[in-house]
Each structure stands twice: as C-alpha cells, then as structure tokens.
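Here the structure comes first, spelled out in structure tokens, and everything after it is commentary.
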Amino acid sequence: MTRFEYHGKYPDSKGKFGRFGGTYVPETLVPAITELANKYIELKDSTEFIDTLQEIREHYTGRPTPLTHARGASEDLGCQVFLKREDLLHGGAHKLNNTMGQALLAKMMGKHKLIAETGAGQHGFATAIAGAYFNMETKVFMGKVDMVRQAYNVARMRLLGAEVVPVTLGSQTLKEAVSAALRYWSAHSNDTHYLIGSVMGPHPYPMMVRDFQRVIGKEIKAQLSKRKITPNAIIACVGGGSNAMGAFYDFIEDKSVELHAVEAAGRGENSGEHALALNAGTEGILHGAREFLLQDDYGNPRESYSISAGLDYPGVGPELCFLAECGRLKLGKITDEEALEAFKYLSKREGIMPALESSHALAHAFKLAREDKASGTIVVNLSGHGGKDLDIILDKLDLENNGDHDE
Ligand SMILES: Cc1ncc(COP(=O)(O)O)c(C=O)c1O
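Per this note's numbering, residue 212 is the first one in the sequence shown, and the count goes up by one each step.
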C-alpha cells in the first residue's frame, strides 16, 4: 500500500495547508479568531469535551449512522456500492456533526449566543438545533434569495427559536450571508460565537470543522473493516467541502483509496452558470482564507449557480485545494440534470431520497461505473435527505398536480 504522509502536518502553525488557508481578516476580527484558535486547541482533547460530545453523538444526534449496502445499485453498476447515511442523522444532514461540536466548544468558552450563516438553510437549521439544545440565543444570517428558495428551512429555524436575519446585499445568497455574519461577529465576539458551517473561513475553522466531521470517515472505515472490506473509492459532493473532508480525512494517507470530490456543474461548465471552484476556479482570498474561487478579472468573487443551494458557493475550503493540488483528489463535475436523474434513480431503486447535494456524488458514482472506472467497493457519502428539496424537485419533474411518474 502506498502512503501519503499527511496526518498531523496540516494545517501548519499559521493555519495553512501549503499556501492555502491562513487568516486573512480585518484587525477587528483578530482578537476573536485568536481566542477561538487558542481555546479550541486547549479544550478539544480534554476529557470533558470528548466525553460530552460522545454522549451527544450517541444519544442525541444518532451516531453511528448506518453504512448501507445499496443492493440494487450494486447489481446495476457492477460494483459494490455503499451509502454512508448522513441523511439519517438528526436534522437530516451531516451539518449537525459540526454545529453540536462548535456549540459545545462555545459553551465551554463562556459564550452564550450563536450566530451562523446559511445558504441551503441546512446549516442554519443545524445551528438552530444546537442553539435550542444548549439554550443559546441564535441568529442565522441568510440571503433574501435563499430565504425564498429554502422557505421550508426558514420556517424550521424559526420554530426552533432562532432568529433568521435577511441579508439584502449583492446576490443575496450565501456569500453575502457569510460577510454579514463576519461583520456582526467583529462587534459582538465578547458573548457570541460565530458557528461557520463548512471547512472554510479563516483558521481555525477549516481544521476545526474537519475535525468535527471526521467522524464520518472514521465510521466508514470501522464499518467496512467489520465486513472485512477495503474500499476502492470514497465519493462526496463539495460545496464548502465539509462532508467531503469528513469522509476523506481518515483515508488520505492510504493512496489505494481514490477520493472523488464532486462539484456542481449547474447548467454546464461552458454556460458559466456553475459552482466549479476546484475544477475551474483561480486562486484568491475569500472569507478570510486563500483558496480556489470563481472570480472576475478584478478579483471579486463571481456568482456561482447550482440547482442545489448547498453547493452554490463560489469558493471551496483550503484543505481540499491543497489536496487537489497534491494530486490526492480526483475531481468530478455533475450538472443539475445529472443530479436529478441520480435522485430519481436512488429513490425508486433503493427507497432512499437523497438531498440534491448528495445526488451529485451519486451521479458521479454512476458516471464512473458507466465509464468502467469503478470497480470493487465504492462508498458514496449521502450527506443529507431530499425532503428539504422536494419543492424544487417536484417543480422540475413536473409532478405536482398530475401525479404522473416520468420513467
Ligand atoms: C445535504 C448537504 N450536503 C452537502 C452540503 C454542502 O456542504 P459541504 O460541502 O460543507 O459538505 C450541504 C450544504 O448545505 C448540504 O445541506
């Protein structure tokens, strides 16, 4: 087995993964970021932190999540397909792994308020769950456009007691929501923790969120090893990159396992309407970190697009940028149409409705199999449940009123 020396080396003491990552923040944010980085290092290995998080995972969020052998898909594709069922985590997506970890840390740091940004609403919902669980006042910044397309999650956040703050600047989507939350945090960090939802933003967020999501890959490894199976590939979709980093991290050093990072090609790469930061972005700074992003000639972030709001972000976490540059990742790109096909297929063939984000990872697995590039055992990280996307899906499939099934 060939090894890639990695664990314990990244990020370095400056929060860098090679030249990616770092802490590019205004003066006003330096004290808050420094306090967070120091406290995280101090508390993360304490018995109190580890035991409390373990208790929460086992008895509240519902870990370990199953690793399901997808029999129909395996038969159809000619390889063994396993699905890591983050859709079955409380809240319906992997996001809660991170929000419960960060909220626990915030509580132990003496903060009693949480703020978060959200695009799809899934991270905002997971933050609202954490806020309710830990009895912390919670504000979620959300672009006005996203509030309309993810109305179901807005309602769910409000029902859990969180305040949803509409952001009306720029494209009124996730990018502006992050900026608004960062601005708010710089003035309120004395009693407030900013709970970032992916492996993005300034150090220590990419490392910390990865650490909280790492449980996904650890469980995949243990669950496969129990069945005496070694995987050939792990496949995950990439928005900011947290479910992918979580699923990949424990396999990075073992080069016999292919790691496929799948981005949203939206209406097609050539249309310009996509979210292909790793596949087609250029290097720059976004939300406090050096990374690949979609940007114009002047270095301003460009609008991204995907049918799936959770993948609709113009940047991508710095650790994924580094791994891609090291050649440790294989990159995939899946269009809206391909993701919808994968959604339809899995729903009917396996009785599992994947989130549109996760449908991108599935569609990539199907593509690999069709091109004879998949063999042995492949694991697809099913990052979330499709319930939140039903309006969009029904609209697209034109099923609402006539009840017809298109085959
Ligand atoms: C179900 C689901 N999967 C994936 C993502 C993408 O985020 P990340 O790349 O951080 O895993 C989101 C984001 O909201 C999501 O809701």
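Glycine included, every Cβ here is placed at the ideal spot set by N, Cα and C. Only a predicted model underlies this, so the values are computations on that prediction, with no experimental measurement involved.
In or out: residue i buried (at least 16 other Cβ within 10 Å) or exposed?
| i | result |
| --- | --- |
| residue 609 | exposed |
| residue 359 | exposed |
| residue 598 | exposed |
| residue 571 | buried |
| residue 523 | buried |
| residue 618 | Bear in mind that a pLDDT of 44 at residue 618, under 50, signals an unreliable position, so the model cannot answer this. |
| residue 291 | buried |
| residue 601 | exposed |
| residue 467 | exposed |
| residue 479 | exposed |
| residue 251 | buried |
| residue 237 | exposed |
| residue 268 | buried |
| residue 216 | exposed |
| residue 225 | exposed |
| residue 344 | buried |
| residue 511 | exposed |
| residue 380 | exposed |
| residue 438 | exposed |
| residue 249 | exposed |
| residue 357 | buried |
| residue 461 | buried |
| residue 448 | buried |
| residue 384 | buried |
| residue 516 | buried |
If residue i sits next to residue j, beta carbons under 8 Å apart, how far is it from one beta carbon to the other, in whole angstroms?
| i | j | result |
| --- | --- | --- |
| residue 340 | residue 307 | 6 Å |
| residue 450 | residue 409 | 6 Å |
| residue 456 | residue 421 | 4 Å |
| residue 323 | residue 348 | 7 Å |
| residue 576 | residue 585 | 7 Å |
| residue 431 | residue 295 | 5 Å |
| residue 444 | residue 589 | 4 Å |
| residue 240 | residue 396 | 7 Å |
| residue 486 | residue 499 | No, residue 486 and residue 499 are not in contact; Cβ-Cβ is about 19 Å, not under 8 Å. |
| residue 304 | residue 595 | 3 Å |
| residue 592 | residue 407 | Not a contact, Cβ separation roughly 20 Å. |
| residue 472 | residue 428 | In fact, because the Cβ distance is near 14 Å, the residues do not count as touching under 8 Å. |
| residue 550 | residue 574 | 5 Å |
List the DSSP bridge partners of residue i.
| i | result |
| --- | --- |
| residue 445 | 470 and 590 |
| residue 375 | 351 |
| residue 332 | Answer is none; residue 332 lacks a bridge partner. |
| residue 479 | None, per the DSSP bridge assignment. |
| residue 280 | 293 |
| residue 227 | 232 |
| residue 494 | 503 |
| residue 214 | 465 |
| residue 362 | Answer is none; residue 362 lacks a bridge partner. |
| residue 324 | 348 and 403 |
| residue 485 | BP columns for residue 485 are empty, so no partner. |
| residue 565 | 596 |
| residue 304 | 595 |
Any heavy atom of ligand 3 closer than 7 Å to the Cβ of residue i?
| i | result |
| --- | --- |
| residue 537 | The ligand content of the structure shown is limited to ligand 1, which means ligand 3 is not among them. |
Contiguous alpha helix (DSSP H) assignments of at least 4 residues, all confined to the stretch 403-438: Counting only runs of 4+ residues, the alpha helix (DSSP H) found wholly inside the stretch 403-438 occupies 416-424 and 426-437, in chain order.
Stretch-stretch touch, CB-based, cutoff 8 Å, three pairs: the stretch 384-394 with the stretch 216-223: By the C-beta criterion, the stretch 384-394 is judged not to be in contact with the stretch 216-223, since fewer than 3 inter-stretch pairs fall below 8 Å.
Are the stretch 312-323 and the stretch 600-609 touching by the rule of at least three beta carbon pairs closer than 8 Å? Result no; under three Cβ-Cβ pairs closer than 8 Å.
For a minimum of 3 consecutive residues, which ranges assigned as the beta strand (DSSP E) are wholly contained in the stretch 496-551? Entirely contained in the stretch 496-551, the beta strand (DSSP E) runs reaching 3 residues are, in chain order, 500-504 and 540-546.
Touching by the beta-carbon criterion (3+ pairs, under 8 Å), the stretch 525-544 and the stretch 502-510: Taking a cut-off of 8 Å for Cβ pairs, the stretch 525-544 and the stretch 502-510 touch, as three or more such pairs fall below it.
May I ask you to verify whether the stretch 243-255 touches the stretch 397-414, counting CB pairs closer than 8 Å and requiring at least 3? A contact exists between the stretch 243-255 and the stretch 397-414.
The stretch 265-276 / the stretch 546-554 touching (three or more Cβ pairs under 8 Å): As far as the Cβ criterion goes, the stretch 265-276 does not touch the stretch 546-554, which means the pair count is below three.
Okay, do the stretch 422-434 and the stretch 325-336 touch, 3+ Cβ pairs below 8 Å being the bar? No: the two stretches stay apart, fewer than three of their Cβ pairs being nearer than 8 Å.
Is the stretch 508-525 touching the stretch 395-402 in the sense that three or more CB pairs, one from each, lie closer than 8 Å? Taking a contact to require three or more Cβ pairs closer than 8 Å, the stretch 395-402 and the stretch 508-525 do not qualify as touching.
Under 8 Å: do the stretch 279-290 and the stretch 363-371 share three or more Cβ pairs, one atom per stretch? In this structure the stretch 279-290 does not touch the stretch 363-371; the number of beta carbon pairs closer than 8 Å is below three.
Which runs of the alpha helix (DSSP H) fall wholly inside the stretch 244-281 and span at least 4 residues, in chain order? Qualifying alpha helix (DSSP H) stretches, in chain order: 258-267.
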